[in-house]
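All remarks here apply to the structure that follows.
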Amino acid sequence: MSSTDSLDSSTQARPLAVGAAGRLNTRPVQVRWGGHSVQVGGGAPVVVQSMTNTDTTQAIATAIQVKELAQAGSEMVRITVNTPEAAQEVPAIREQLDRMNVSVPLVGDFHYNGHKLLTQYPECAQALSKYRINPGNMGGGKKRDDNFAQMIEIACRYDKPVRIGVNWGSLDHELMARKMDENSKRSTPWPAQAVMRDALVVSAISNARRAEELGLSPNGIVLSCKVSHVQDLITVYQDLASRCDYPLHLGLTEAGMGSKGIVASTAALAVLLQQGIGDTIRISLTPEPGGDRAREVIVAQEILQSMGLRAFTPMVVACPGCGRTSSTVFQELADDIQAYLRRQMPVWKDKYPGVETMNVAVMGCVVNGPGESRHADIGISLPGTGEIPSAPVFVDGERTVTLKGDAIAQEFQAIVEDYVERRYGRKVTA
Ligand code: SF4
């Protein structure tokens with residue numbers, strides 16, 4: 002019997018209990034490198050991850066991009082391991098990262114030949130902290146089962162967790178054919194889309210159960226079911242979460258470029274995260290030509306921070322501007338302050354614990370400016386058209402100084418720095 006026959010569409014749903022951290026109860030999975038461990042699931046904060054787009058055979062270029070993603074806040078980074086040459090370079094990438102004091106765990110992304118690469122390159126198997134396995138890309142029938150078993154045996158041997166990641170673009174054809182056949186025998190057949198969604202969930206869970214039968218700890222399994230449409234993703238993950246307690250990796254695959262990719266990812270993930278579903282997220286943005294790969298990390302952080310699930314960097318509240326705005330000064334100030342705050346975070350996060358929760362308001366005129374600024378930890382209300390050319394500053398809800406002249410931006414930044422030092426600086430006790 003194939004592993005995918007061992008679970009049918011009527012698997013009992015589990016009661017969905019949201020724990021103290023606002024997440025559904027899932028098993029904890031540790032993803033380790035050296036003395037560093039990232040917990041996925043088990044009530045841990047939602048983990049941000051990303052993926053490189055460098056050629057893995059270019060070890061230095063890949064290590065540099067991994068470092069950039071980690072510095073932007075990616076807590077795990079996935080790299081493609083698609084050829085013997087790529088597998089050969091994985092230990093060199095790891096060593097280069099260790100030399101740069103970058104302890105972020107590396108996840109190997111395998112398709113088609115992962116069983117061979119992990120067997121033939123044991124140093125690659127050891128250097129990776131987690132393996133991504135796509136059961137839909139491992140051949141068919143007995144060959145698929147053997148290849149899957151080989152990868153799980155290696156994960157057991159090296160004590161590595163795996164993500165069993167099914168994707169609707171590479172769904173197990175035999176399973177899908179069987180599901181369509183079963184569906185045709187229903188008195189009221191389901192729509193084809195519903196059959197596909199069910200097949201994704203069944204594929205993920207049945208392969209996870211098979212991995213357990215092969216000896217992998219249930220605390221070493223993360224699941225994902227990637228689709229590229231928002232409503233499909235929501236439905237599939239709600240179903241998946243109700244039918245298992247493995248931690249879930251969320252992401253809308255092939256989300257797209259620019260605002261479309263960000264909006265579609267946010268729309269899907271926000272619904273699920275709000276329901277406590279999802280233990281780690283990746284935003285699959287297509288970078289603009291020459292664009293920054295780390296954008297996907299920032300978007301993931303902003304989704305989590307906007308929803309109040311995690312805090313990564315102080316947030317700037319800024320009004321959109323309108324006909325009352327006399328100039329672009331406030332837009333530039335809002336942009337400069339947000340960029341400045343983000344640049345400081347690698348140092349500030351250790352030096353000023355809690356600073357990531359700070360709110361800064363930059364407002365364009367007197368209509369909402371003072372009110373919004375009072376609600377922020379620190380805020381500035383710039384003058385609109387016809388208003389007196391002065392910018393009152395509010396600290397902890399109280400109006401403090403009023404800035405005037407050409408150096409408002411620099412003076413406001415100095416006020417922010419002073420506030421951070423006073424409020425978040427470690428108190429030295431005698
Ligand atoms: S705060 Fe003033 S400038 Fe900003 S959107 Fe409102 S009315 Fe317009």
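So the number in the numbering used here is just where the residue sits in the sequence shown, counting from 1, plus 1.
Beta carbons: idealized from backbone N, C-alpha and C, even for Gly.
{"query": "Heavy atom of the ligand SF4 within 7 Å of Arg325 beta-carbon", "result": "yes"}
{"query": "Three-state secondary structure (DSSP) of Leu215", "result": "coil"}
{"query": "6 Å CB neighbourhood of Ser3 in its chain, flanking five on each side removed", "result": "Because the pLDDT at Ser3 is just 43, under 50, the model does not fix this residue reliably, and the point stays unresolved."}
{"query": "Spatially closest choice to Val356 from Arg311, Lys227 and Asp246, by CA coordinates", "result": "Arg311"}
{"query": "Stretch-stretch touch, CB-based, cutoff 8 Å, three pairs: the segment 32-41 with the segment 60-73", "result": "no"}
{"query": "Simplified DSSP assignment, three categories, for Asn369", "result": "coil"}
{"query": "Spatial distance of Arg424 from Asp351 (CA atoms)", "result": "14 Å"}
{"query": "Close beta carbons around Asp173, own chain, < 7 Å, minus the five adjacent residues each side", "result": "Thr5, Pro136, Gly137 and Ser204"}
{"query": "Among Cys245, Gly259 and Gln339, the one whose alpha carbon lies nearest that of Thr220", "result": "The sequence given here has Asn at residue 220, not Thr. Here the closest residue by C-alpha is Cys245."}
{"query": "C-beta contact flag for Thr329 and Gly385 at 8 Å", "result": "no"}
{"query": "Cβ separation of Leu215 and Val167, assumed to be a contact under 8 Å, to the nearest whole Å", "result": "About 18 Å; that fails the 8 Å criterion."}
{"query": "Counted within 10 angstroms of its Cβ, other Cβ atoms place Lys131 as buried (16 or more) or exposed", "result": "buried"}
{"query": "Residue from Pro123, Trp169, Thr189 and Arg179 whose Cα sits closest to the Cα of Leu234", "result": "Trp169"}
{"query": "Environment of Ser382 [buried if 16+ CB atoms lie within 10 Å]", "result": "buried"}
{"query": "Presumed contact (8 Å Cβ cut-off) between Ile304 and Thr267, rounded CB distance", "result": "5 Å"}
{"query": "Cβ-based neighbour list, Met308, same chain, cut-off 8 Å, excluding 5 preceding and 5 following", "result": "Ala271, Leu274 and Gln275"}
{"query": "Length at least 3, wholly inside the segment 333-398: the beta strand (DSSP E) runs in chain order", "result": "360-364, 379-382 and 392-396"}
{"query": "beta-carbon Ala208 near the ligand SF4 non-hydrogen atom, thresh 7 Å", "result": "First, the residue type needs correcting, since residue 208 is Asn and not Ala in the sequence shown. Outside the cutoff, so no."}
{"query": "Endpoints, beta strand (DSSP E) assigned at Leu224", "result": "Ile222 to Lys227"}
{"query": "Selected residue, minimal CA-CA separation from Ile379, among Ala335, Val300 and Ile94", "result": "Ala335"}
{"query": "Rounded C-alpha distance that separates Ala150 from Gln121", "result": "16 Å"}
{"query": "Proximity below 8 Å, CB of Arg283 to CB of Gln66", "result": "no"}
{"query": "Proximity test, Val361 beta-carbon vs the ligand SF4 heavy atom, cut-off 7 Å", "result": "no"}
{"query": "C-alpha distance - Gly74 paired with Ser243, whole-angstrom precision", "result": "30 Å"}
{"query": "Cβ separation of Met77 and Pro106, assumed to be a contact under 8 Å, to the nearest whole Å", "result": "5 Å"}
{"query": "Classification of Ile206 by the beta-carbon crowding that lies within 10 angstroms, buried from 16 upward", "result": "buried"}
{"query": "Cβ-Cβ distance between Ile94 and Ile80 below 8 Å", "result": "yes"}
{"query": "CB contact flag (Thr281, His250, <8 Å)", "result": "yes"}
{"query": "Endpoints, the beta strand (DSSP E) within which Thr81 is located", "result": "Met77 to Thr81"}
{"query": "Distance between beta carbons of Val223 and Arg198, contact taken as under 8 Å", "result": "In fact, because the Cβ distance is near 20 Å, the residues do not count as touching under 8 Å."}
{"query": "Any non-hydrogen atom of the ligand SF4 closer than 7 Å to Asn102 Cβ", "result": "no"}
{"query": "Ile389 burial status per 10 Å Cβ neighbour count (16 or more: buried)", "result": "exposed"}
{"query": "Same chain, Cβ closer than 8 Å to Ser7, neighbours up to 5 away in sequence not counted", "result": "Bear in mind that a pLDDT of 46 at Ser7, under 50, signals an unreliable position, so the number given afterwards is only what the model happens to contain. For Ser7, where only same-chain residues beyond five positions count, the Cβ hits under 8 Å are Ser207, Arg210 and Arg211."}
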